[in-house]
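My numbering puts the first residue of the sequence shown at 2, with every later residue one more than the last.
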Amino acid sequence: MGIPQPAFYIFKCEQSSPPGMPKPSCVNPQTKDLFQYLAQLLMQKGIMGTVQPIRTSCLNRCNAGPVMLVEPGHVMYAGLDKGKIERIIDEHIIGGKVVEEYVISEELWDAPISPAEMQAQVQR
Ligand code: FES
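#1: Taking the alpha-carbon positions, what's the L43 to M49 distance?
#2: What does DSSP give as the partner residues of T57 in its beta bridges?
#3: On a Cα-Cα basis, can you pick out the residue from F9, Q124, S106 and V123 that is closest to I90?
#4: Does the ligand FES have a heavy atom nearer than 6 Å to the CB of R62?
#5: Taking the Cβ atom as the reference point for each residue, do E92 and K98 lie within a distance shorter than 7 Å?
#6: CA-CA distance, R62 and S115?
#7: Per DSSP, which residues does Y78 bridge with? Please list them.
#8: What does a CB cutoff of less than 7 Å around H75 pick up in its chain, not counting 5 residues either side in sequence?
#9: Does the distance from the C-beta atom of M69 to that of I11 stay below 7 Å?
#10: Determine whether the beta carbon atoms of E66 and P20 lie at a separation below 7 Å.
#11: Look at I94 and L39 and say whether their C-beta atoms are less than 7 Å apart.
#12: Among Q41, S18, G96 and K83, which one has its Cα closest to the Cα of T32?
Pasting the structure below:
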């Protein structure tokens, strides 16, 4: 019997845009410890490893930051703070119910491109 796969991966954007750049940043002085907070919550609840937090670079939804992506499910959460992250862990990750009010707007996160559509885009 092998090592089990994690139940979830949580990709937390850790991009910090340089000062003076017009786009908002997912990491600023007010939000710089959100990844650490996420990791601490997972440890406190005994699910670190079963749920794998990943520091990632820009997820291309900067104007809705701070953002994080939960897989499986392609669920993108936006405008995060510590309270929202705790609720997402309790209700989505542990409870199995997506916290719809924190999900990024459909305007910014529409249905995924299908494999067939992607193949049609490939330049050969
Ligand atoms: S900086 Fe976080 S999505 Fe771009």
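Virtual Cβ for every residue (Gly too), placed ideally from N, Cα, C.
In short:
#1: 5 Å
#2: C14
#3: F9
#4: yes
#5: yes
#6: 20 Å
#7: M69 and V104
#8: P113
#9: yes
#10: Reading the sequence as shown, one finds Gly at residue 66 and not Glu. The answer is no: Cβ separation not under 7 Å.
#11: no
#12: K83
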